[in-house]
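Engineer: First to last, the sequence lines map onto chains Y and W.
Numbering of the first sequence is given in my numbering, commencing with residue 1 and proceeding in unit increments.
Numbering of the second sequence is given in my numbering, commencing with residue 1001 and proceeding in unit increments.
There are 2 protein chains.
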Amino acid sequence: MNNRYCIIMAGGIGSRFWPLSKNNYPKQFLDILGTGKSFIRSTFERFLPVVPAENFLVVTNAAYKQLVLEHLPELHPEQVLCEPMRRNTAPCIAYANYRILSVCPEASIVVTPADHLVTNEGEFQRVIRTGMEFVEQPSHRNALLTIGIKPSRPETGYGYIRRHVAEDTTGEIFEVEAFKEKPDLATAKAYLADGNYLWNSGIFIWSLPGIQNAYRQYLPDMVNLFEKGRYLFNTPEEQDFINGMFPQCENISIDYGVMEHSQERYTIPADFGWSDIGTWGSLYEHARHDDCQNAVSGHAVLEGTHRTVVNIEEGYEAVVQGLDHYLVALRDRSLLVCRLDDEQNIKHWIERL
Amino acid sequence: MNNRYCIIMAGGIGSRFWPLSKNNYPKQFLDILGTGKSFIRSTFERFLPVVPAENFLVVTNAAYKQLVLEHLPELHPEQVLCEPMRRNTAPCIAYANYRILSVCPEASIVVTPADHLVTNEGEFQRVIRTGMEFVEQPSHRNALLTIGIKPSRPETGYGYIRRHVAEDTTGEIFEVEAFKEKPDLATAKAYLADGNYLWNSGIFIWSLPGIQNAYRQYLPDMVNLFEKGRYLFNTPEEQDFINGMFPQCENISIDYGVMEHSQERYTIPADFGWSDIGTWGSLYEHARHDDCQNAVSGHAVLEGTHRTVVNIEEGYEAVVQGLDHYLVALRDRSLLVCRLDDEQNIKHWIERL
């Protein structure tokens, strides 16, 4: 049990939830759904029955270190790893791997984003335990496991995993045939009908030796950069070393850098009420609705308004009338009013501000 | 010239421009149109070529006295008369009349709301002078003159004046046949087609003896209340007297209390670019428009938005997308998003907050 580690990737700056999430307060620190807990807090608590608190590592930007410690006061400051800049997930995970390597070379690791929603935490923990037990078997030392989500709709906002059709050995874990990019709607419908496609949750499980082998094979340049400081991890020199070498790391995701190439890829098709709450639309889907199908948080009066997300900062009040399927969000002296169906353009609008 | 006085009625608390105007900062103190001047400041400057600064009286609530003096620093504090409560226009005007009576019993007076828009100030001043000269003639000592506005559309938001069809003596001033309540649309269209109906601007001109005679005749109880303190006006006891007697005054408008009954009512049909800017819709009509017919003030980006009023407080920013003929106003920690056509219900929505 003490060999089990959890890496929480919490470096996102996410403009998709503007104006709620901004650079100084990104989504993982928000309680967008009104559950009483931020996403990062929920993520931590969700893994806590599987991984002891002292075996968590949170990788984030230096600017958010204090915020992470406020949300997760159980952590020692040294458990928060600071990237000097965003370099996508492959360097992020490599950094955490090397830190773990310095204390527990035989660790089994689960890697997770900090800002997902899970509604069935019991089933979630069962699935994570199943995955960790799988990669802890000597015969699966090089297995790279991705949690797959059984799709419930032809979602075009997620990447997909095509699992092997053949029966697997465990009854629950399948080999991966291919990773698929976000599909168009027709393709997503075909995936759903096919039955062998899963959503890529971005949650990975592997043994430390296994993922290290994969990095050495598929990202040797990155490994060479980290190896130069191999003995600096867990020492006072670690941060300086990282600050110096991180900019030289390739800006590449774990999916493109490792998973695409691996020959020992597995997935567990899971169903634990998962969403990445990556858009206001998905927030709308998961939020509590009033009689007119509105999702309201904050002090707001709605009149003749339907299927609309209204999110008003504390200390403000709002009257919203005559809208159908809109988003009205006021936070941090910024207001957004837009059609929910057009939210993919938020980034462009903000640029014009 | 020194017998000419101007009474500015500035006691309104106006919720129609919520959230811009609230109890602590009503419409007359706002620069809603972005002209660089508040309504009360514009009103004062508009009358200044006709009435000397020392002959202005502003009647307002005690709570706004400082605000009035900030907007009109030319005034002596004693020129700001404080009502202890709102009691509609008849008591308001009576109070100012008695103050003037104590210093200039033969005054001619123009009475005006504090929050109207006039675009042709030269023509406005000519009309006001014409009216004052009219009531200054001994033969028109009891004339009560209302400025009428030549209607340009079948407006249902204003009261109307039906002028006498017969030719008048001056070539410009007509007798009033009747005052009409705000009409429905069909009636408003008939008024417009008729050609003898004018909008009631709420601007009145009379001699002090003439209006005093009318009060004595039509509001004798109110006159009795004021007469008890006749010699207290312009003394240190004035405010205490007013505070004590004002609550006993009937809550009645000058229109219902006096004008309805008067036998010597006149009007000047005028055309000087007038609006009472009583609604967001009229604000929209008079504001500068962008290429999509939006009226925008503040730091806002509009996308796919048309015929919409966007009014964002300084220090805030907004993205507004996908609206047609809406109002988006953010001020003083309150947000309003509604259809412009439904703004008459703002009051009810605020009550629900």
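Virtual Cβ for every residue (Gly too), placed ideally from N, Cα, C.
Could you tell me which chain Y residues have their CB closer than 9 Å to the CB of E1303 (chain W), listed as they occur along the chain?
Structural biologist: C338, D342, N345, H348, W349 and R352
Engineer: For T1235 (chain W), which residues in the same chain have their Cβ closer than 8 Å to its Cβ, ignoring the five residues on either side in sequence?
Structural biologist: Here T1235 (chain W) has no same chain residue with a Cβ atom under 8 Å from its own Cβ, once five neighbours each way along the sequence are excluded.
Engineer: Could you tell me which residues DSSP pairs with C292 (chain Y) in its beta bridges?
Structural biologist: Secondary-structure assignment with DSSP links C292 (chain Y) through no beta bridge to anything.
Engineer: Please go through the region 1187-1274 of chain W and give each complete alpha helix (DSSP H) segment of 4 or more residues, from N-terminal end onward.
Structural biologist: 1208-1218, 1220-1227 and 1238-1245
Engineer: What is the residue span of the alpha helix (DSSP H) that K1347 (chain W) lies within?
Structural biologist: I1346 to R1352
Engineer: Anything in the region 1309-1324 of chain W with a Cβ closer than 8 Å to a Cβ of chain Y? List those residues in chain order, please.
Structural biologist: I1312, G1315, Y1316, E1317, A1318, V1319, V1320, Q1321, G1322 and L1323
Engineer: How is the alpha helix (DSSP H) around N1097 (chain W) delimited, first residue to last?
Structural biologist: T1089 to L1101
Engineer: What residue does the alpha helix (DSSP H) around Y284 (chain Y) start on, and which one ends it?
Structural biologist: Counting along the chain, the alpha helix (DSSP H) containing Y284 (chain Y) begins and ends at W280 to H286.
Engineer: Does the beta carbon of R1333 (chain W) sit closer than 9 Å to a beta carbon anywhere in chain Y?
Structural biologist: yes
Engineer: Is there contact between the region 1095-1107 of chain W and the region 1020-1031 of chain W, where contact requires at least three CB pairs shorter than 8 Å?
Structural biologist: no
Engineer: With a cut-off of 8 Å, do at least 3 Cβ pairs link the region 214-224 of chain Y to the region 177-186 of chain Y?
Structural biologist: no
Engineer: Does any CB atom of chain Y fall closer than 9 Å to the CB of H975 (chain W)?
Structural biologist: Shown here, chain W extends from 1001 to 1353; a query on residue 975 (chain W) therefore has no answer.
Engineer: Give me, in chain order, the residues of the same chain whose beta-carbon lies closer than 6 Å to that of W199 (chain Y); leave out the 5 immediate sequence neighbours on both sides.
Structural biologist: I149, P151 and Y158
Engineer: Which bits of chain W does V328 (chain Y) rub up against, with CB to CB less than 7 Å?
Structural biologist: Residues of chain W passing the Cβ test: V1337.
Engineer: Let me know the secondary structure DSSP gives D324 (chain Y) once reduced to three states.
Structural biologist: strand
Engineer: Confirm, please, whether the CB-CB distance from I8 (chain Y) to H117 (chain Y) is below 9 Å.
Structural biologist: The question names His, yet the displayed sequence has Leu at residue 117 (chain Y). Cβ atoms of L117 (chain Y) and I8 (chain Y): not closer than 9 Å.
Engineer: Looking at chain W, is there any beta carbon in it that lies within less than 9 Å of the beta carbon of W18 (chain Y)?
Structural biologist: yes
Engineer: DSSP three-state call for Y1005 (chain W): helix, strand or coil?
Structural biologist: DSSP places Y1005 (chain W) in the strand class (E or B) of the three-state scheme.
Engineer: Would you say Q1239 (chain W) and V1223 (chain W) are within 9 Å of each other, going by their C-beta atoms?
Structural biologist: It is not a contact, given that the beta carbons lie outside the stated cut-off.
Engineer: Check for me: the alpha helix (DSSP H) holding F179 (chain Y) runs from which residue to which?
Structural biologist: Segment F174 to K180 is the beta strand (DSSP E) holding F179 (chain Y); no alpha helix (DSSP H) there.
Engineer: Can you have a look at Q321 (chain Y) and say buried or exposed, based on whether 16 or more other CB atoms are within 10 angstroms of its CB?
Structural biologist: buried
Engineer: Pull the bridge partners of Y25 (chain Y) from the DSSP assignment, please.
Structural biologist: Y:K22
Engineer: Starting from the Cα of S253 (chain Y), find the closest Cα among Y:I203, Y:I147, Y:T89 and Y:L33 and give me that residue.
Structural biologist: Y:T89
Engineer: Just to confirm my understanding: we take I242 (chain Y), look at its own chain, exclude 5 residues before and 5 after, and list those with CB closer than 7 Å. What are they?
Structural biologist: Cβ neighbours of I242 (chain Y) beyond the five flanking positions: P84 and Y95.
Engineer: Using the beta-carbon count (16 or more within 10 Å), is V1310 (chain W) buried or exposed?
Structural biologist: Looking at its Cβ environment, which holds 16 or more other Cβ atoms inside 10 Å, V1310 (chain W) is buried.
Engineer: Can the beta-carbon of M1259 (chain W) be found less than 9 Å from the beta-carbon of F1204 (chain W)?
Structural biologist: yes
Engineer: Can you tell me whether DSSP reads V165 (chain Y) as helix, strand or coil?
Structural biologist: coil
Engineer: For the region 182-199 of chain Y against the region 47-63 of chain Y, do three or more pairs of beta-carbon atoms, one drawn from each stretch, fall closer than 8 Å, so that the two count as touching?
Structural biologist: By the criterion of at least three beta-carbon pairs nearer than 8 Å, the region 182-199 of chain Y is not in contact with the region 47-63 of chain Y.
Engineer: What does DSSP give as the partner residues of T146 (chain Y) in its beta bridges?
Structural biologist: Paired residue(s): Y:F204 and Y:T267.
Engineer: Report the three-state DSSP secondary structure of E136 (chain Y) (helix, strand or coil).
Structural biologist: In this structure, E136 (chain Y) counts as coil in the three-state DSSP scheme.
Engineer: Tell me whether E1343 (chain W) is buried or exposed, calling it buried when 16 or more other Cβ atoms sit within 10 Å of its Cβ.
Structural biologist: buried
Engineer: Give the DSSP-derived three-state secondary structure of Y64 (chain Y) in the structure shown.
Structural biologist: helix
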